[in-house]
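Contents: one structure, followed by commentary.
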DNA sequence: CGGGAGGTTGAAATCACTCAATTAGAGTGG
DNA sequence: CCACTCTAATTGAGTGATTTCAACCTCCCG
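Chains as they are written, first to last, in my numbering: chain A, 1 to 242; chain B, 1 to 242.
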């Protein structure tokens, strides 16, 4: 059943480590329910105690936290192949919320199935742990950007990260990606107001670094964009580059 | 040899999950070399490819990243019991640097010994993984603070986090802790200038929330401090509270 | 041809930064 | 025990980045 469905997960895991045929087969055999989800719907909310884990098969999602005054901080953008709520396997209560940013497809896998997979395949366990550690590296890089980089560099860096991550799973060609992000989303990720994001995007366009329509981002000058964002992809620890 | 030394690690692991006597014994049996380290010395640097892992036995350390222009972003404060460079087990090249903030004691454990421990004790593996996930939750909370909270709340939140984490390992009594942080360190962690940190600390003192000497922090009004920082300790997922 | 979400613009206000000088403290050597 | 020194804390003034508020525009979709 999961057969073709779980492919994005396999592809993602293989973007930073290799799997044996046996392990690939075990992943494919893992049971799960396909769940479609509309744009801008919560997938899991802070405080929930999930009994299953959600794999993003298609679409786009984000992790976020809401502050008392109503401000929002997005703490991660999830791409196809990501396990959205892996922490729920080891930490019963969710401390963050998840929201779809585009019409998406999820694969819902029961905790038991996931834990059985880990039990039987230690290398898969290590790959998932490795993924957790790479996410932590991405978090650190976001902290650097939010804390110490001015808006221009910060936005450039985010775009570089997303393009490289999309490329690693085959969803970007030629530094060009579908990005269903509003300027408010970008601002909430980088700690900026949407007005300031708007002006910063104009600067990036003016500098000839990017072209951007409603839902498509293209890096016209990839090296220039990397420079502007002080971007060095080594922290993403990709096995291969696109 | 590691016998008495590894205790802080055991205590830390038990602060968010329980260990059997067998598992505790296995941890105690793990070989390692004790290494003292001066204040303000790098323990590991970005780009290194360590063959061993460092446990902080005593003292205080931080993870940081240096930007081209010389700015620094601290991305984590490590307390006794923390494994400082666990990622090096699964990710060969370090993407961050580590620095001691006080005279400290390390326990250096070879990668093989660590991996053997994981191989033989799956529950220890899961506890360490759980620790990694809790760190990720702390990272998210830092992003929220850096990105969306004004300085006053941001500093208050950081102090709350450190006091609770110190309490969990028995190093804080009565909301009072030894904190060998300069105002520049605090600023580099929160994305603020040291001048602004100075003024913010004066406000916190003026509001009757804290008392602070060079290396000692005391929350005079714990609830007030939590309010000011919008602090809710659930994201730290502590097993027990001190 | 509305309606609504998201993008764009301008002006005023604010938070935080930089620069530069001064003070306080802790440790050291004589 | 006192000068000396270095690091860290403090202060003031001027600047700059980013926010807020509020209005207006534009595009997409039904």
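We treat Cβ as the ideally placed atom computed from N, Cα and C, and that holds for glycine. Since the model is a prediction, treat every value here as computed from it, not as a measurement.
Contact between residue 169 of chain B and residue 18 of chain B fails: their C-beta atoms lie close to 15 Å from each other, not under 8 Å. Considered as a whole, the region 90-150 of chain A harbours 97-100, 104-110 as its complete beta strand (DSSP E) runs of no fewer than 3 residues, in chain order. About 6 Å separates the beta carbons of residue 163 of chain B and residue 175 of chain B, which is inside the 8 Å limit, making them a contact pair.
Taking a C-beta cut-off of 7 Å against chain A, none of the residues of the region 44-61 of chain B qualify. Taking a C-beta distance under 9 Å as the contact criterion, residue 155 of chain A and residue 200 of chain A qualify as a contact pair.
At a cut-off of 9 Å between C-beta atoms, residue 124 of chain B does not count as an interface residue with respect to chain A. Put simply, the CB of residue 234 of chain A is near chain B, with a gap under 9 Å to one of its CB atoms. Within the same chain, Cβ atoms closer than 7 Å to the Cβ of residue 23 of chain B are found at 121, 123, 124, the five residues on either side in sequence being excluded. Taking a 10 Å sphere around the C-beta of residue 112 of chain A, we find fewer than 16 other C-beta atoms and assign the residue as exposed. Looking at B/38, B/11, B/147, B/36, the one whose alpha-carbon comes closest to that of residue 25 of chain B is B/11.
In the same chain as residue 45 of chain A, and ignoring 5 residues on each side of it, the C-beta atoms closer than 6 Å to its own belong to 97, in chain order. The C-beta separation of residue 40 of chain B from residue 100 of chain B comes to about 7 Å, placing the pair in contact by the 8 Å criterion. The count of Cβ pairs closer than 8 Å, one atom from the region 140-159 of chain B and one from the region 140-149 of chain A, reaches three, so the stretches are in contact. The secondary-structure analysis by DSSP pairs residue 210 of chain A across a beta bridge with A/219. Shown here, residue 78 of chain B sits in a strand according to DSSP, grouped into three states. The criterion of a C-beta distance shorter than 9 Å is not satisfied by residue 60 of chain B and residue 189 of chain B. Contact residues of the region 159-174 of chain A toward chain B are absent (C-beta to C-beta distance below 7 Å). Close to residue 144 of chain B, with beta-carbon spacing below 8 Å, are these residues of chain A in chain order: 65, 67, 73, 75.
Residue 215 of chain A and residue 183 of chain A have their C-alpha atoms spaced approximately 11 Å apart. Around the beta carbon of residue 21 of chain A, fewer than 16 other beta carbons sit within 10 angstroms, so the residue counts as exposed.
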